[in-house]
Every structure is written in C-alpha cells, then in structure tokens.
Amino acid sequence: MPWNIIERLANDFTLSNQNADPANWQWRAESKSLWGPAEEDWKTFLAKWYGTPDSQSPCISLDPLPRDLYPYTPSIFIRESYLTMFDTVWAKAIASEGFSGVIITGQPGTGKTLFSYYLLIRLLQRKQVVLFSPNGVVVYLFYHNEVYKARVGDLDGEASLPKPVSATSIFIWSLFDILKREDPAHFLVTYPCFPVQVASPDPARYAIWKKEHYPLITGLPLWTRDELAQGLKYQRRFGSLWGALQRAYGNPLSISLDSLVGFSGSADLLKEYYAEEDTPPPSPEDALAYLLDAAIDHFGFAPRDVFDAVFNYSVVTHHHENVFANLNYMELRAALFPFTSPSHSMSDWILALHPVNQGLLMPVHWTVDFKSDSVARHVLQRLYEAEDFPTRQQMSFLRTMPETREFAGRLLEPFLHRFIATCADGTWPLANMKSDALDPPHFTLDRDFPVSDNVRFMKVHRKIVKLQAIANLPIYLENNSYYIPLDPNFPFFDAFIIELDYEKKTAILWILQITTSRNHECSALGYRRIREIIAILKNALSGDPRGQGQASRTPHVEVRYVLVVPKEESEAELLNLQWQFPNGWSQNRKRHDHSGGVYRLEVPLAVCSAIFKNVSIFERIER
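Note that full-length UniProt numbering has the sequence shown beginning at 1, numbered continuously upward.
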C-alpha cells in the first residue's frame, strides 16, 4: 500500500456523510420500542459534541457523564497515539465498507477504555450512528440527534437496530468493552455494525468474532515519560497533590511536609531523597518530578499503575510486594510464560507488551519485557534459585522467538552474575562509552578511543555477597567481592564490585548494570546509593591500621560504570547501544563524587544459557 493510504482514507468522508444522513436509515417501531431514553447526562453529552468541529485542545472533558464511569480522571489526555489510532480505525472502516472490524488490545492500564470514549466523541462530531457499550451489559444507541439505552440481554439481536434503507454500504459504529472473559453479544459484531472492541490481551474476550470476521488487531503503546508527566495533570487528585507540594516547598526557608499527609509515602520518599547535606531543598516542580520518577522506577510506563503510585506510593507498593511475596513458584512461572501456557492474571503485574507496527492496516506484532527493573528483580531473585526442567525448556524456547528474545535474555541475568563472578584468569574486554556532554549525560559506544591501559577489569573468582542494604556493607567489606543488592527496589544498578588497596588508601568501585534491553534509563536515587558506598569505603580506608606510621593520605574512591550486554548482538545493534543516565549526575559531588568512566562489557550469553541448562556446571560453580 502507498504510505498515504491511511491519510487518504482518513479524509474520505463520502461514506461517513451517507451514514450521517437520516434519510438513509429506517427503524421499525417494534424494534425501537425495545429501547428507552438515555439518562439526562448522556443526552447533554450528545448535545455537547454532536456535529461540533474537531477539538485542538490537548485534553477533552468527559463532563457531564457519570463519574463512576471514569473515577480517576475527568478528562481525556489526547496522546499522539490516539490521533493515529483514530485515523487507523476510520481508514479500516472505510476501506472495508463497514465489514470486518478492529480489536484494540495491549498492556492493561494504558488508556484503551479512555480511547473508546475519545473515539465516541470524534464519531459524534461527524454525526455517525453509534452503538456504545462500556461494559457489555448496557448499551447506548446514538441515532442522529437522539440517544437511547437498553440492556444487551433485553434486545432482539440485530433486529433491534436501525437498518439502511437500501443495499448500501452504510453501517453502525459498534464500540464496546467486555468486562467478562467471554465474546460480545452477536449483534454487536454483525453487519450493519462495524465493531471496534477495546480489550485486555485475553483471546477469550474476542475468540469467536475474531475467527468469523478477521478484524484488524492493533494496540496502543505504553506511555512515554513526557506523556506521563502531562497526563498526571489531568488526574482528579492532581490539584490536591500540587497544592500540598506548594505548601511544603513554596518557601525554602520554612519546609514542612505535613501537607503531604494525605498522599501515603510521598513525604518519606522526598525526605530520603533530599536528605543529604549538600542537597538544596527542591522546588515544588522538582519534588513532583521525583515522585513521578519513583513511581515509574517501580511500575514502568503503564499510566494506571504510575498514577496510582504517585498519589498512594506506600499503599500501592506494599500491595504490589505482598502479591509477589504470596506467589508460589508454580504461579510465578505461569504468570511469566503466558504465551507458552494458559493465560494467567498475574502476568499483568509482571510483563509489559509493546506493539510493533508491521505495516499500514496490518496486525501488529508484540514484544514482551518486564514492566520495570524493580519487577524484574523481584522475579529474577526467584528464578535465581530455580533449576526445574520446564522453566529451562520455556526459557530456551523464548530465546528462539524475536518477540521474546530480549525478555528471555533478561531471565538469564542472574546467571550472568554467576558467570562474571566465577570467571578467572585474564581481563574482561571493556569498550569506552562517550558522553554527549549534556546533563544528565547520554552515553553511546566510542569506537575511536580504546580503553586506557590503567583501566583493567580483572577476571577474578569473586565471592558473591547478597547485600540486604548499603548500611550492612561494612560487615561484609572484602576486597574483590561481588555484591548483589537483595532489595528489588534497589535503584540504578544490579551489582557492584569493590577493589581495595589499603596501603595506598584507594578503592575502585565498579558499578554494573546487567540488562539485554537496548535503552537503559535509570533511577536518580542510584547516585545516592553510590555516594553512600563511597562514604563507607573512605571510612574503611581511613581507619585501617595498615596505614599507621605512614604519611597520611586522603582516601580516594574511583567509580567506574559498566553496562553488560550480550555478545551475540549484531554490529549494528552494538553501535546503537545507549545508556541514558538519570538526572542528578552533576549534583552533590563535592564530598563524594559519584561520577566516573563509563564502559561496555560484552558477555557471551550462550555460555550463561548453557550454565542454566546444565545442573552439573551449576554444582561445580557452587563448590
């Protein structure tokens, strides 16, 4: 298809104008009698939008519809993907002349339901005949300048609907969401209806009509950080939170977090993050940005999860952690591999789906990853101890599929830890990464300058220390140990290695981030943790008796950052490698400087996979 096919069809109003003409429709009295008038708020809603010009506003108010339909937001934030999806749905309807249909699925909590309201408003602006069922139980019929209501079970199928007056291609738009795990009522998907269903990625909600009508299956992407920042402002509780932050931080000379008492966990988060001596008090804008980033770090980029956490961080994270704590291993495995076993409701807590466009008016493909690094750590800690054959089989199978290859690679991260910690003899081959000199910096592979000879990452058999908290580090402080933080919410990095020289009072702190994802965004709280480690190391070097009787030296700690990537990637993928550091790189470095050189380390993932499959190798490593 030519590239402009969607644009061309999106601007084709011939058929839609016929749909909008009352002279092209007839509705028998006995069929109409099955319907009653809709509530006044729905009538007002129709009058508000019917035949109006397309809005250029970044948001659309849902007033005066009942609040229980959308309890968290009074407005629809119009994402760029909403505009694109509307054009796609419109083009599909026009191209198929009202036959076929569209299923819009994807990650739960990304705004599919709100998109159905956005689609309804856009269609009313074009005076279309629309069926709208928000739950599969109640259905509204927008018929020209009137709106009717009925229960789906009380209708006599398609016989209850208006009909085209002749053998034309005009149709009724049928928009619906089904809350139960079942197919929609037959009349919602049968001509003269053009069905558009928003649904969770559960085939039980659309299996039959998908087989009968071959609809276009597409999906909405996860939100970006910028979209989350904009969308947050349209949430019902935003005004209260913003007012509380202004009262807390509006006067830098008089800071009180008492105003945040209604937002569980917010005060503790901000108090911890801005507690250092060198940290100036934040502006209300900075505090809000940090609360958003903390929610994203924990829950990823699905707005429902993120916005819930911004307003109720302690409650939401506690509930989330309890869910993981109460999962047995078999439940975890079922949730982790829904594409190789029956669908599991827990998958929504663990996995994120990303649509990949395959072409114009073509079904999307999906890639799978963990929702966030925090979720990944929860899961990977459990897998670290797992050696059962079915899990090994499933992980090997997922490595063969493009949609799940990176996800399966992340499942091997615990075994990358073991591999790096147990290899001996020689040095690891590092490559330089160069900064774009911005703040925060963005690092990419530097092919022009080799790593300096004095930067050597030795292959040494290292003791693995599972660290509960940074405060416990002095208890386990040993040269060349490999430290893995146990806290799933640990920010920024996955492991660190300490090389101590008590005689010279120097230390090298290697910070490792192990991931097979191509873009790596991190938590700003990680800098705080690194500075805490630096302070502990300086204290240990200052107090070591081996320095007594010698000229006093100031302890020095050098930080080196290492991004660990699988060696099997193509040259093009390695050249496109990116590491986006979080905000705060240039801040709070006077006492304990967390900045340092940044490097890339390629590790043969196939070897780690072999370790996972081979229990005897596992046992040799443990010994």
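We put the CB at the ideal spot given by N, CA and C, even for glycine.
From a predicted model like this one, the values you see are computed outputs, not experimental measurements.
Report all residues from its chain with a CB closer than 7 Å to the CB of residue i; omit the five preceding and five following residues, and keep chain order.
i    : result
Q235 : Y72, T73, F307
S542 : P555
K112 : I104, G106, V198, L220
R456 : T427
K43  : V147
E272 : none
A424 : K459, V460, H461
Leaving out the 5 sequence neighbours to the left and right, which residues in its chain are closer than 6 Å to residue i when beta-carbon positions are compared?
i    : result
T279 : N588
L486 : K466, Q468
A535 : H592
I511 : F493, F496, Y561
R518 : Caution is warranted here: a pLDDT of 44 is assigned to R518, below 50, making its placement in the model unreliable, and no coordinate value can be reported.
F443 : M433, S435, W579, V598
Q18  : N24, I170
Can you tell me the Cβ-Cβ gap for residue i and residue j, rounded? I've got them flagged as a contact below 8 Å.
i    : j    : result
V364 : L351 : At roughly 16 Å, the Cβ-Cβ gap does not stay under 8 Å, so V364 and L351 are not in contact.
R237 : A431 : In fact, because the Cβ distance is near 46 Å, the residues do not count as touching under 8 Å.
E97  : L15  : 7 Å
P215 : P192 : With 8 Å as the limit, P215 and P192 do not qualify as a contact, their Cβ atoms being about 16 Å apart.
A207 : D183 : 6 Å
R122 : E227 : Actually they are not in contact, since the Cβ atoms of R122 and E227 sit about 19 Å apart, beyond 8 Å.
Y118 : Y70  : At roughly 12 Å, the Cβ-Cβ gap does not stay under 8 Å, so Y118 and Y70 are not in contact.
K127 : G51  : 5 Å
F194 : G101 : 6 Å
With distance defined between alpha-carbon atoms, name the residue in the options nearest to residue i.
i           : options                : result
E158        : H186, K180, P164, V137 : H186
A437        : S586, G239, A267       : S586
A248        : D12, P58, S259         : S259
N357        : D68, Q26, T88          : T88
T422        : D439, V460, W428, V455 : V460
R531        : E558, V138, S96        : E558
L360        : K434, Y313, A95, V165  : A95
I470        : P450, T427, L525, R462 : L525
S200        : Q107, S240, N322       : Q107
K371        : D297, L473, V564       : D297
E39         : S33, I78, V147         : V147
C59         : F99, P414, G231        : G231
I475        : S452, I533, L509, P491 : I533
S31         : L155, P414, S481       : L155
residue 691 : Y118, V139, H144       : No statement about residue 691 is possible, as the shown extent of the chain runs from 1 to 623 and does not include it.
K538        : K180, Y482, L477       : L477
L120        : K48, K233, N454        : K48
W90         : E272, F13, G51         : F13
N11         : L473, L69, F86         : F86
L353        : Y82, D202, P252, T52   : D202
N472        : Q246, Y483, I217       : Y483
R447        : G239, N576, P53, S61   : N576
S166        : R528, A267, W27, L292  : W27
D439        : D68, P414, N583        : N583
P252        : V196, V375, A287       : A287
R304        : S256, V102, T110, I6   : T110
W242        : D268, L292, I217, V196 : L292
I6          : A93, P53, V323         : A93
Which class does residue i belong to by DSSP, given the choice of helix, strand or coil?
i    : result
H594 : coil
Y234 : coil
N472 : helix
I78  : coil
W349 : helix
L165 : Note on residue identity: the sequence assigns Val, not Leu, to residue 165. Reduced to three states, the DSSP call for V165 is coil.
L327 : coil
P604 : coil
T110 : coil
V261 : coil
H417 : helix
F493 : coil
T506 : strand
L155 : coil
F142 : strand
Identify, in the order they occur along the chain, each residue of the same chain with its Cβ nearer than 8 Å to the Cβ of residue i, setting aside the five sequence neighbours on each side.
i    : result
D41  : P64, L65, P66
V603 : L416, F419, I420, V564, V565, P566, K567
G265 : N312, Y313, S314, V315, T317
H520 : Summary for H520: the model assigns pLDDT 45, below 50, so the residue's position carries little reliability, and this model does not support an answer.
G547 : Here the model assigns G547 a pLDDT of 47, short of 50, so the residue's position is not dependable, and the following value carries that caveat. The answer, listed in chain order, is Y502, E503, K505, L541, R553.
Shorter than 7 Å from the beta carbon of residue i to some beta carbon of chain B?
i    : result
L216 : No chain B is part of this structure, which consists of one protein chain only.
request  = Just list the alpha helix (DSSP H) runs in the stretch 14 to 64, keeping only unbroken ones of 4 residues or longer that don't cross its boundaries, in chain order.
outcome  = Taking only runs of at least 4 residues, the alpha helix (DSSP H) segments lying wholly in the stretch 14 to 64 are 14 to 20, 29 to 32, 40 to 49.
request  = Tell me the start and end of each unbroken beta strand (DSSP E) in the stretch 424 to 460 that is at least 3 residues and wholly inside, in chain order.
outcome  = The stretch 424 to 460 contains these whole beta strand (DSSP E) runs: 430 to 435, 442 to 445.
inquiry  = Which complete alpha helix (DSSP H) runs does the stretch 177 to 220 hold, if anything under 4 residues is left out?
reply    = Within the stretch 177 to 220, the complete alpha helix (DSSP H) segments at least 4 residues long are 207 to 213, listed from N- to C-terminus.
key: Any alpha helix (DSSP H) of 4 or more consecutive residues that is wholly inside the stretch 267 to 325   = Runs found: 284 to 299, 303 to 311, 313 to 325.
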